[in-house]
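Here is the structure we will look at.
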Amino acid sequence: MPMNIVFLLFCAVLVVMGGIAFVLSRAKATRVRATGMAMHAQPDQYAWFAALATAGPALLVSALGAFALLLMGAEIPTFYLLAASLVIALIGLIMGLNKVRPEFHARRAIEGVIRKLLAVAAMISILTTLGILLSIISEALRFFQLHSFWDFVTGTTWNPGASFLSAAGRAEGGSAAQFGSIPLFAGTFMITLIAMLVAIPFGLGAAIYMVEFAPMRVRKAAKPVIEVLAGIPTVVYGVFAALTVAPLVVDIAGLFGLDASYSNALAPGLVMGIMIIPFISSLSDDVINSVPNSLREGALALGITKSEMVRNVVVPAAAPGIISASLLAVSRALGETMIVVMAAGMRPNLTANPLEDMTTVTVSIVAALTGDQEFESAQTLSAFALGLVLFIVTLTLNVVSVFMIRRFREKYRVNNL
Amino acid sequence: MSQSFEEISAQLKKRHRRSARMKWMTMGALILSAAFLVVFISDMVVRGWPAFQQAQIQVEVSYDEQSQKLPLAAVDEDVRPLISRGFFRPLPRKMEDNPALMGTTQTQWVIADSRVDQYLKGNEDRLRPADKETLENLVEEGRADLKFNTTFFTTGDSKMPEMAGIASAAIGTVMTMLVTMAVCFPIGVMTAVYLEEFAPDNKLTQIIEININNLAAVPSILFGLLGLAIYISFFGVPRSSPLVGGLTLALMTLPVIIISTRAALRSVPDSIRHAAFGVGCSRWQVVRDHVLPVSLPGILTGSIIGLAQAMGETAPLIIVGMVAFIPDASFSITGASTVMPAQIFTWASEPNSAFAEKTAGGILVLLAVLIFLNALAVWLRNKFERRW
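Same order as they appear, the protein sequences are chains A and B.
UniProt numbering puts the first sequence at residues 1 to 417.
UniProt numbering puts the second sequence at residues 1 to 388.
What follows is the structure, given as structure tokens:
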């Protein structure tokens, strides 16, 4: 029999057994209660407990068995595994029926099971982080066995393509693969810097206007419009950057007599900045909104103008929150992939001129993993080394920003941030 | 130190001017941000609108033995180069399936070649002079025209621009999103319920909370690395399948759902919980019968927003190989597949300029779906959300 039919059959049998457990134990509990005996739980609760006792352990055993089968390569025939699970289900059914007694706290037992189930679900998020860490670190370590860590951190030439030639035995003298990541990080920081130069003034300005100056109607209308910018997929921004903004940048640079590349760093930086505006504006909006009004009123009472109040009272008070928002935005920009993959160049280039083409960490990760390389090659593994650095940097930024926002929250006793 | 009245009032004027300047500048920031959106949308509409139109030509198609062997023979020699190869290729098969066609001649509108399409849209001129003349005559007779492009919505990817469509990518998106939501909605809601309603305030709970916040800030491409290393290399999930894409996106969407569900649960006032406890409910009964039902609109709103986010995500899917060339739509969750943003990415990297309008057309469809989802979320929130 094909695998999925066996599986369906197994599930069907379990459901039927659970149903039988439910019906039988409910009938039994109703019978007991009809004799006038006081029970600790309702018949339905006994029924649910019996159904859980039937299906739960059986599912657990079959899942563990499947796990062992797939991962440890254990030789357990599927048929025996499923049969054993069904036997366990039968035992659970009998035990569950047996438990239908007045002195048994069925509700409390269900409660315990559900609490454990929810706790297991909550652990999955931890497993995800561990999964990211383990997968990236283990592959990155394998990469650092092939190439030195020091060269990776300090090297200024990124030329992974040659690893293919050397693997094919066609490496010529001096053309060995080089994995110096400095040009990639330089490109990443250049594009991030451009993005921040766009996003922080615009985002912060919009937030200040909406909180301090705008009438309620404008605020209500403008907020969703800005939020729409955040909902646009990054691949769409990528197309916009590559097809519209990049040629525009080239034309404008041409007017000034400058020679710009069609995959210049300016276009993805600008578009990324636009993408991040709503991120900064909505976070700063929340922060500026939660600066206590007593500060504003105190300042205005001294005869200060509104702009002086914003500059000297509100913004300094909200500074930790604004910095925290900006750090989160930087971490967004560092990890942004599609815009740079589509609009920035592929050539690692160590330069300070944003009109030249540059490549970034994320572009190199994508380039390394979408080629026809085998998984073990140094080029593929280099993606994980880059990913590790990216993970560490974004994690650090995030932790610092959480720390800043907590300080702000404690200072003004704001609870909704 | 004493200042005259004039000096002070001049200074005051200056200060007020500065205040007004700040107001206008911050307002300008807001207006420019909104203007970006307008420029952006109109740019996409202008670029993408032609994709919904396709040149078609009315020709006499003769179904006979000769065209069964050589499909090109089905139409007149002079219009042959104007017609898409995508029309000729399935002809013999069509005649086999439908023997009644044999020996008949029918006048029908067929899909034109992409060069004709681009010429009629006024984009570029790569037709040979003789063909151009034939085309001009056909246009004059009303036998060549731009019509609504149904092919775009019914076919998969193709190397011929006139035959390329988004149907297979749309189906891939649906399958991937089904996997994503099936995994992350239950787990996300369960986690949020545990953290808000059950968890003791200990170190482990704090670690889980910090961890969820960190996960929300992890760049999406790293989830792709996780998918590649864990799902594909370790568990052997088939590459490029909606299964692996959906599982990868599920981990990415999980924090979004957890955070919004927690906010929804937190907005339920404690008086409801106290009342339920007061009549003897257990904790799970309180959650199941009272807290979850009243917070459901909030949970659904958050989930739809998470779904819309996952739907637009491309980077992790590229890493797990979902940028495959998929000409035929398939509903399998383990077969090779692609999704709409990945299809847009593929078209965007095609050198043929006819694909540029397909790219923008695909973007318009994707944006329409996302706007619909977000509007649905807003509508749900406004209609069902209770203010306590």
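For glycine and all other residues, C-beta sits at the position ideal for the given N, C-alpha and C.
Check	Outcome
Sequence ranges, alpha helix (DSSP H) only - wholly within the stretch 122-160 of chain B, length at least 4	129-140 and 151-154
Cut-off 8 Å between Cβ atoms - residues of its own chain near Tyr412 (chain A), not counting five sequence neighbours on either side	Ser290, Val291, Pro292 and Ala317
Secondary structure of Thr107 (chain B), DSSP reduced to three states	strand
Given 8 Å, three or more beta-carbon pairs between the stretch 112-125 of chain A and the stretch 295-310 of chain B	no
C-alpha distance - Ala241 (chain A) paired with Ile212 (chain B), whole-angstrom precision	32 Å
Per-residue DSSP class, three states only, for Asn353 (chain A)	coil
Straight-line Cα distance separating Thr173 (chain B) from Phe256 (chain A)	45 Å
Reduced DSSP secondary structure (H/G/I, E/B, other) of Ile83 (chain B)	strand
Counted within 10 angstroms of its Cβ, other Cβ atoms place Pro160 (chain A) as buried (16 or more) or exposed	buried
Collapsed DSSP secondary structure at Val38 (chain B) in the structure displayed	helix
Closer than 8 Å to chain B by CB, Met210 (chain A)	yes
Residues near Gly335 (chain A) by beta carbon distance below 7 Å, same chain, minus five either side	Thr362, Leu390 and Thr394
Span of the alpha helix (DSSP H) around Glu209 (chain B)	Lys203 to Ala217
Contact with chain A by Asn382 (chain B), beta-carbon distance below 8 Å	no
Minimum C-alpha distance to Ser241 (chain B) - residue among B:Val279, B:Met177 and B:Leu12	B:Met177
Min CB distance Pro161 (chain B) to chain A below 8 Å	no
Straight-line gap, Asp117 (chain B) to Met44 (chain B) (C-alpha atoms, nearest Å)	19 Å
Neighbourhood of Leu215 (chain B) by C-beta distance below 6 Å, restricted to the same chain and skipping five residues each side	Pro255
Own chain, CB closer than 6 Å to Pro201 (chain A), minus 5 neighbours either side, in chain order	none
Near-chain A residues of the stretch 3-35 of chain B - C-beta to any C-beta below 7 Å	Arg15, His16, Arg18, Ser19, Met22, Lys23, Met25, Thr26, Met27, Ala29, Leu30, Leu32, Ser33 and Ala34
Nearest candidate by alpha-carbon position, reference Ala354 (chain B), set B:Val59, B:Arg47 and B:Val320	B:Arg47
Neighbour list for Thr261 (chain B) in chain A, Cβ cutoff strictly below 8 Å	In chain order: nothing, as chain A lies at least about 12 Å away.
Nearest-angstrom Cα separation, counted from Leu248 (chain A) out to Leu355 (chain A)	12 Å
Residue environment, Ser220 (chain B), which counts as buried when at least 16 other CB atoms sit within 10 Å	buried
Candidates B:Val378, B:Met252 and B:Ile258, of which the one nearest Thr180 (chain B) by Cα	B:Met252
Minimum Cβ-Cβ distance from Arg283 (chain B) to chain A less than 8 Å	yes
CB contact check: Pro233 (chain A) to chain B, cutoff 8 Å	yes
N- and C-terminal bounds of the beta strand (DSSP E) containing Ala329 (chain B)	Looking at the DSSP string, Ala329 (chain B) is not in any beta strand (DSSP E), and its letter there is neither H nor E.
C-alpha gap between Gly321 (chain B) and Tyr119 (chain B), whole angstroms	35 Å
Counted within 10 angstroms of its Cβ, other Cβ atoms place Glu297 (chain A) as buried (16 or more) or exposed	exposed
Exposure label - residue 389 (chain B); buried when at least 16 CB within 10 Å	Only positions 1 to 388 of chain B appear in this structure, which leaves residue 389 (chain B) out of reach.
Cα-Cα separation, Glu136 (chain B) to Arg115 (chain B)	14 Å
Beta-carbon separation (whole angstroms), Leu370 (chain B) vs Gly231 (chain A), contact threshold 8 Å	6 Å
Per DSSP, the bridge partner or partners of Ala112 (chain B)	B:Ile83
Reduced DSSP category for Phe104 (chain A) - H, G, I as helix; E, B as strand; rest coil	coil
First and last residue of the uninterrupted alpha helix (DSSP H) at Ile363 (chain B)	Ala354 to Phe384
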